[in-house]
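Here is the structure we will look at.
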Amino acid sequence: MHEVEINESIVADEQHCEFISKIGVPVTGWKMDLKRCFDLAVGLLGTLLSVPIVIVFAILIKLTSDGPVFYKQARVGWMGTTFDVIKLRSMYQDAEAQTGAIWAQKNDPRVTPVGRWMRKNSDR
C-alpha cells in the first residue's frame, strides 16, 4: 500500500456522478517512520484492549456449543493474493455441511445463541 500526503483535492461531475480525485506526493522519510510508529502503537493498543473480550466470547462459545471456538476463512486481498482470517465461530460446527455455503438469514437456525448476540451487536 502506498501512503500519499494530500496537497489538493479536485471535485468533478462526470455525467451527474460526483467524485473526488486526490492529488498528492508519496509520504517518505521521517513522516513515513512516524506514521509506521503510530500505526503499530494504535494496533498494539487495540489488540491489548480486545484480548479480554475475545477470551470472554471464547469461553461462552465453548460452554454453549460443541466444536472449536475459532474457524479459519480464506479471503482475497491486494492484487488477488489470498490470506486466512481467523474468526470467532458464530454458527454450529459444520453448519453448512448439508446446505453448502449460503447467506445467513434472519433467525437462521445454524447460528448459536452466543453467535446471534455477536452478530446483532457487531455493527455497534
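With the UniProt record's numbering, letter number 102 in the sequence shown gets 102, and the count goes up by one each step, no holes.
Where a beta carbon is used, it is the ideal one built from N, C-alpha and C, also for glycine.
On a predicted model such as this, the values are computed, not experimentally measured, just so you know.
Asked: E3 versus A97: straight-line alpha-carbon distance, rounded; Found: In this prediction, E3 scores a pLDDT of 48, lower than 50, which makes its location untrustworthy; the coordinate-derived value is nonetheless stated afterwards. Computed Cα separation, rounded: 43 Å.
Asked: Inter-residue spacing [alpha-carbon to alpha-carbon] between G80 and K120; Found: 31 Å
Asked: Close Cβ partners of G77 (< 8 Å) along its chain, the five nearest in sequence each way excluded; Found: F83
Asked: Member of P52, K87, A74 whose CA lies at the smallest distance from the CA of P68; Found: K87
Asked: Counterpart residues of V85 in DSSP-defined beta bridges; Found: Q73
Asked: Range covered by the alpha helix (DSSP H) that runs through N121; Found: 113-121
Asked: Counted within 10 angstroms of its Cβ, other Cβ atoms place M1 as buried (16 or more) or exposed; Found: With a pLDDT of 43 at M1, under the threshold of 50, the predicted position of this residue should be treated as unreliable, and no value is reported.
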